[in-house]
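Numbering (the working numbering), first residue to last: 56 to 257. All residues carry an ideal CB built from backbone N, CA and C; glycine is no exception. None of the values given here were measured: they were computed from a predicted structure.
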Amino acid sequence: MTHNYQDLINIFAELFFTSENTRLVKGDDEPVYLPADSGCDFHRVIFAHGFYASAFHEVSHWCIAGANRRLIEDFGYWYAPDGRDAQQQQQFEQVEIKPQAIEWAFCVASGFNFNVSADNLSGIEVDRFGFQHKVYLQVQHYLAHGFPARAQQFIDALIAFYQPELILTAEMFAFSKPLSENELHIPIPVSVLDDRAINETF
């Protein structure tokens, strides 16, 4: 299966340019979200260097950002660069759980490999499997209760383009470290799992 970033640009434009005045754009530097301004009359989800995975990651953040946040550069996120201490890493992971759960669904929908990202190479050691477990639980929550609306639109379009008739199931989401039955059902706070209020208000 061939994965070309231009296909994602086209799919995104077909879905969201008219309704949201937003385009997915290949960038030459770090990824960023830029709202419309005097120099550009549409919003831009800019992904890094034509990397397919970067496009998915940036779109996932856009899919959970409310209307007000989509008027702010990078949705108003504060970002701590590599070298985060324990508190900064915890904050980073808290913000990343929902987008990476959505990104994982994008990958499964398109037959593309997903890799969780919690890297902090020059900071504290990261519990990568622990973080992916949280992302896994968030995916299961979305599968049971529904993805954010724009995320679901994009998932449906990816399936139609890459794997028509595919139906996402819990069994499609797995990673290399086996989890015990108890681990699979460890709860995480509802505030992490359920982002409907954030989607609608900010």
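Asked                                                                                                   : Found
Classification of H116 by the beta-carbon crowding that lies within 10 angstroms, buried from 16 upward : buried
Local Cβ density within 10 Å of S93, reported as buried at 16 or more and exposed below that            : exposed
Neighbour-count burial assignment, E69, 16 or more Cβ in a 10 Å radius                                  : exposed
Euclidean distance between Cα positions of Y60 and Q143                                                 : 32 Å
Start and end residues, beta strand (DSSP E) containing V80                                             : T77 to G82
Inter-residue spacing [alpha-carbon to alpha-carbon] between D62 and F130                               : 25 Å
L126 versus R99 - alpha carbon distance                                                                 : 11 Å
As assigned by DSSP and simplified to three states, the class of L89                                    : strand
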